[in-house]
Every structure is written in C-alpha cells, then in structure tokens.
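Undergrad: For the sequence shown, my numbering begins at 557 and goes up steadily by one. All C-beta atoms, glycine included, are put in the ideal place defined by N, C-alpha and C. Only a predicted model underlies this, so the values are computations on that prediction, with no experimental measurement involved. Got a structure here, written out as structure tokens. Questions coming.
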Amino acid sequence: MNDGSKYVVCGSKRSTRLRRIWLRARHWVGLGLGIGLMQGWTASPAVAAERIYLTFGLFERVIEISDLEALAQGGKLPDDLEYYARFLTPEQLEQFSQALSEPVDIDVVTVSQFLNTAQGAFLLEQLGEVINTPARLSGSLPLRAALVLAAADSLEGLTLLNVLRYFPTAGVRIDLLRGLAVAEGIDRAVNEANEAIDTVQAIAAQTAQQQPPPDESLLPREIRRRGPFGIRRELLRVRLLKPPADLYIPVTSQIASREFPGRFPVVVISHGLGSDRTTYGYLASYLTSYGFVVLAIEHGGSSAGQLLALTEGRTDQVVSDEEFINRPQEVSLTLDALTNYSRSDPYLQRRINLDQVGVVGQSFGGFTALALAGATFDQAALSAHCPPDLNTFNVSLLLQCQALALFQPAQLEGAVTGPRLSAANPSFADPRIKAAIAINPVGSIIFGSQGMGQIAVPTLLISGTSDTVAPALAEQIIPFTWLQTPERYLVLLQNGTHFSTIARSQTNSELLSLPTDIIGPRPDIAQTYLEVISTVFFVSHLRQDQRYRPLLSSAFAAQLSQPPLPLSLVRSLTLDQLPLTSQKGLEHSKLK
C-alpha cells in the first residue's frame, strides 16, 4: 500500500502557478476530477459517511471523516493522517487543511441547475468513475445529492467537508488507479503547456533583440493614451435580436481629422459566455477615441441573462446548440443594421467605412471572431474528440463538443428532422470582416487545422499562460500554428488568466463575484495591453496606416511589457518548434 499512498499526492508535487490557479479554480470551472482523489468528496445527512476508502487495485486504506474535520479545525494532526502528511510539504498540508472548509459562494439553485445541464451531467459521470459508493458503484448520483444539499446549507455552505457530511452512503470509495490516471494526465498536460509557453517566450525574446526598437516619435500621438476623437454613445436596435447593441461613434475635431484623416472603419466586439455588451466598454471607448465606429453587441443566448435563466430554472442548458450558429449570424445582422442606420444619419453617412470592418472577441466571442474571419467548422475533428477526454486539462471542450449535435439529426416537436448543418465544413465568414482579434478563444476541435487554415485576413490571438478555461497550448498556441494568413500574431500574457481582460459589467449582470486569485494579477495592466495592441492592430490593418506597423512586433511588446504580466509577441511559429511529447498533445496538434 505504500506505493498507492504515494500516488495520492503525486499529481500535486510540483507547485507551479498554473497548478495553483487550477486548484483554486476548481469550483468555478466545474472540474473536480483530479482534485477529488486528493481532497475526498463525501458526507452525512440521515446516512452519514464516516470514512473514506482509498483503493488501489487489491489494496485499501481508510481515512476517518472525523480526522479530516479535526484537521480542518486546526487541531493536532490525527495519527491516521500522519501517514499521508509525510508526502506533503508544510505549505501543501496547510493549503489542504484550508481547502477542506473553504466555502464556495454559490447558491443551491445555481448548483442544481448546472448539474442538470449536459455539461454538469458529464462532469458528474466522470467524477463517478473515481468517486464510488462502498459497493464500488458510480458515485455520480450520490455526489450530485451531496453537492446540492451542501449548497443548501445556510450555515456552512458548499465546502468539501460539508459535501462529505451530505454524501448519502455510509462510506466513500476513492478509486486511486482511476484517479491517478486523471492526475497524471493533468500533470502531463501542465508540464507540456509550460514547456511550450517557455518556447514561445524564448522565440519572442530572441526576435525582440534582433529588431530595432520602434520609433514612437514618428506617430501623431503617444499610443498609450487616448486618441483625439470624442465619443458619442447610443443604442442600436437590430431586427430579430432582442438585446440592442451599444454603438460608439467618434466625434471629430480639427486635431483628430489631421492626425487620423479619412473615413471611420468599424470594429465589432463579441463578449464571452456569461458576459454582456458592457464588459469591454473600456476597449470600445479607447478604439472610438482613435477614429473607429465600434459596435458592442450582446448575444442573448450566451450572455449573463442566459446564465440567469439557467439558475432560475427557465432553461436546462448553459447554451443551446444553435448558439454556435447564432453568434456569427448575430454579428452579421448587426452590421446590416448599422449599414441601414448610417444611411439615415448624415454625420455617419459621410464618414463611416463599412468596407473595413474588424472584430474582437473573448472566449466564446473569440470563437465568434474566428468564424467570422473565415474559420470553417470541422465535423471530423469534432467527431474524433467528443465526448472529451478531461485528462487533457481543457474545460472548454465541454462547450465545444456541443457543436457536434449540429451535424446530427434533431428532434423538433417530437419529430426527427435533418441535421442543422448539412455540410461537413460549413462557413459563417462575413466578407466585410477584414481583420480579427481573438482573446482566449475556444475552437480548437470545432475548427481543427483545416478550418483555421481557411482564415485569410490579418488575425491576432491573445493568450494567458494561467488560463484554466481555454488553456494556452491547446486553444491558442497550437491553433496559431495552423493559421496560413501572412499577417498573423500571437500575444502571450505571462500569468494572464481567462478573466484578465474582462472588466466589470456596467449593468451589474454578473451572477458570481470571482475571487481575485481567479481573475489574476493586475487586470488593469492586461486591459491597457489590450487597448494599445488592438488600436495598433486595427490602425495598421483597417486604416492601413503604415506608421503603426513597426509596433506589431516582438520589440514593441517587450517595451510595453511590465510585471507581473510580462508580454510576448511572435509572428511565426511551427509545430516542429513546440516540445509536444505526450500522445494527447501530438494528437491535438494534428487535428484535421
């Protein structure tokens, strides 16, 4: 049993920042697979789990729940836990002790509704493979009950220990062999990602040394401060869409017209899942100050309102399958509405340039931006990778795999209909889109290498090295190597998370207040990076102002960079340069 006991902690020995973020994010991203084997999900209402059985093949060891309770209360380490404590550093033991009683600020309705979704059911099924009943049956159903009951407890709330108390069997069996496979898979994914990130940063640093520093004195103004245009903001109503778009219009002046002559290009901003049109209002204002008409649109089927409907029981889906189609089409509809509106507005009619349109999207919005830029869906890639293997450390696959249903027969009012997507590689490209920025995008198995290779417009991907929702390697670094467009850029934020560039909603629509650890360090710096980089990118590729092209370089990224979010930029990267050694990494890199 000695070897088995060591395996309990083997996935936690290396305490990189990415692992720490992952452990803290476990409640927010819905993945407890690797953590479950270490932290012991179980409980106690009428039937109380009194012990945890750690099984490793034919071997078994027992941990008393009361010992974990004593540890969480800061008492002396019980004798039965000293055996396991020797495999942990004092810091890890303290973190484990705190994690046992650390509450998650989430209400019972939200927990219950999420567990009823396809994603929630899948996660419970996967957890049930590791967490069993005493009779060695799947623990998915009792775990669901324990999570809901713990969340309903008004005194202690949803804590690991409270889940133990509400687990409706006399004991809990943790299958270490299965749990170990999960932990090792996650460990391999983290190590491989760290090595790939190091490679990208090294290439960027070497390139920066070889480039002359850009001469910013040649620019009409210092790019790190707002531009010369005033801002007029109004609502744009769009036919067939319920939420309006926020329309930002530059207000010209003599200085502004001299520094940035010509018509105003257009930029569309697409938010991520659970956000709204105001979370990138700061970016919209900044771009408008440089002479861009900006549309911040709200996707009703994947906004904060959709998640509110989920928590209130008005829907049983995080998003509908059709949202993968609706999102790019909603952007096209909104551009149509802007075209019609500009014809009736004398000021805009003379100044807007609807032939030069860019798009910015974050997360699910990043998927939207790439689809509009020309990335095509890939049914074969989806079929090969769905349902997802959670050992890949990629939570976004739970969302991406929903898109596979679009290629399958559907039921409508009890009748079976044909698939909603008939072509194997459908496209939702909008020919008006001439440049795209995707921040923490998801879409690796939706588009695959073939789909990403269809993008022909300038494209910039932004990635955070501590992103546990859309991991940098799988969702941005490898997909960047699939791009064929000559004008391609990969920007890497060291210590950046999935939430670094998202500002608070101006409508207070957030359902949850994310902890600082999950948001990551200095989001103000990340947001400044995004303002500057987006402006430089769109001025270069939509306004065609060649004075700004030298700023799209590794050297300028190094100048802009500041701790604790060092910035790197590369324009060229191949799969051969990445240290992909695991089978999963190699398979993912060759998605066809």
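1) Provide the residue span of the beta strand (DSSP E) that contains G917, from first to last.
2) If we ignore side chains and look at the alpha-carbon of each, how far apart do P821 and V1092 end up?
3) Indicate the three-state DSSP secondary structure (helix, strand or coil) for F1093 in the structure shown.
4) Could you check whether V824 and L851 sit closer than 8 Å to each other, using their CB atoms as the reference points?
5) Rounded to whole angstroms, what's the CA-CA distance from I811 to P784? Just pull it up for me.
6) Are the region 845 to 860 and the region 794 to 805 touching by the rule of at least three beta carbon pairs closer than 8 Å?
7) According to DSSP, is L1129 part of a helix, a strand, or is it coil?
8) According to DSSP, what are the bridge partners of P852?
9) Which whole-angstrom value describes the C-beta separation of R729 and Y609, a residue pair presumed to lie in contact below a C-beta threshold of 8 Å?
10) For Y842, count the other beta carbons within 10 Å of its own beta carbon; 16 or more makes it buried, fewer makes it exposed. Which is it?
11) In the DSSP output, what is V618 paired with across the bridge?
12) Could you tell me the boundaries of the alpha helix (DSSP H) in which L955 lies?
13) List the whole-angstrom C-beta distance separating A1027 from F678, where the pair is believed to meet the contact cut-off of C-beta under 8 Å.
14) Kindly list the residues whose CB is nearer than 7 Å to the CB of T725, restricted to its own chain and excluding five residues on each side of it in sequence; keep chain order.
15) Using 8 Å as the threshold, is the C-beta distance between S929 and V794 below it?
16) Under the DSSP definition of a beta bridge, which residues are partnered with D1157?
17) Looking only at its chain, what residues have a beta carbon closer than 7 Å to the beta carbon of R1103, apart from the 5 residues adjacent to it on each side?
18) Taking the beta strand (DSSP E) that V1047 belongs to, which residues open and close that run?
19) Measure the Cβ-Cβ separation of A737 and N718 and say whether it is below 8 Å.
20) Are the beta-carbon atoms belonging to N996 and I1018 less than 8 Å from one another?
21) With 16 other CB atoms within 10 Å as the buried threshold, where does L733 fall?
22) Whose C-alpha, out of S952, E815, L1046 and S1069, is nearest the C-alpha of V1095?
23) Taking C-beta to C-beta, are I1034 and H941 nearer than 8 Å?
24) At which residues does the alpha helix (DSSP H) containing T1037 begin and terminate?
25) Once DSSP output is grouped into helix, strand and coil, what is the label at E790?
26) I'd like the list of long-range same chain contacts for D623, defined as Cβ closer than 7 Å, with 5 residues on each side in sequence excluded.
27) I'd like to know whether the C-beta atoms of S831 and S1022 end up nearer to each other than 8 Å.
28) Any idea what DSSP makes of T1015, helix, strand or coil?
29) By the 10 Å Cβ neighbour count, where 16 or more other Cβ atoms means buried, how is D872 classified, buried or exposed?
30) Excluding the 5 residues preceding and the 5 following S653 in the sequence, name in chain order all residues of the same chain whose CB lies nearer than 8 Å to its CB.
31) Considering only C-alpha positions, which residue in the set I1081, A979 and L1129 is nearest to G1020?
32) How long is the line joining the alpha carbons of Q762 and A752, rounded to whole angstroms?
33) Is it buried or exposed, A980, if we count other Cβ atoms within 10 angstroms and call 16 or more buried?
34) DSSP on S845, reduced to helix/strand/coil?
35) Out of curiosity, what's the CA-to-CA distance linking A893 and F920?
36) Between which two residues does the beta strand (DSSP E) containing A994 stretch?
TA: This is what the structure holds:
1) G917 -> beta strand (DSSP E) spans I908 to Q918.
2) Cα to Cα, P821 sits roughly 13 Å from V1092.
3) Three-state DSSP puts F1093 in a helix.
4) Going by C-beta atoms, L851 is nearer than 8 Å to V824.
5) Answer to the nearest angstrom: the Cα atoms are 7 Å apart.
6) In short, these stretches touch, since the Cβ pair count reaches three.
7) Looking at L1129 - three-state DSSP - the assignment turns out to be coil, as it is neither helix nor strand.
8) According to the sequence as given, residue 852 is Ala; it is not Pro. Beta-bridge pairing links A852 to D802 and I825.
9) About 4 Å separates the two Cβ atoms, so the contact holds.
10) So Y842 ends up on the buried side.
11) Per DSSP, Y609.
12) Its alpha helix (DSSP H) spans residues L953 to Q956.
13) It should be noted that the sequence gives Pro, not Ala, for residue 1027. The Cβ separation is near 18 Å, so there is no contact.
14) The residues are V603, A605, T689, P690 and P698.
15) Per the sequence presented here, residue 929 reads as Ala, with Ser not at that position. Contact: no.
16) Shown here, the chain extends from 557 to 1148; a query on residue 1157 therefore has no answer.
17) Here the set comprises L774 and L775.
18) According to the DSSP assignment, V1047 belongs to the beta strand (DSSP E) that extends over R1044 to L1049.
19) It is not a contact, given that the beta carbons lie outside the stated cut-off.
20) A contact, by the Cβ cut-off of 8 Å.
21) It counts as exposed.
22) Residue E815 is the option with its Cα nearest to V1095.
23) Result no, Cβ atoms of I1034 and H941 do not sit closer than 8 Å.
24) Run containing T1037: I1034 to W1038, per the alpha helix (DSSP H) assignment.
25) Note: E790 maps to strand in three-state DSSP.
26) For D623, same chain residues with a beta-carbon under 7 Å away, outside a window of 5 residues either side, are P634, D636 and L637 in chain order.
27) No, these two residues do not count as a Cβ contact at 8 Å.
28) Strand at T1015.
29) Exposed is the call here.
30) The beta carbon of S653 is closer than 8 Å to those of L627, A628 and G630 in its chain, skipping five residues each way along the sequence.
31) Out of I1081, A979 and L1129, I1081 has the C-alpha closest to the C-alpha of G1020.
32) Going by the C-alpha atoms only, they are around 15 Å apart.
33) Counting of Cβ neighbours within 10 angstroms places A980 among the exposed residues, the total staying below 16.
34) In the three-state scheme derived from DSSP, where H, G and I count as helix and E and B as strand, S845 is classed as coil.
35) Distance from the CA atom of A893 to the CA atom of F920, rounded to whole angstroms, is 23 Å.
36) Residues I989 to I995.
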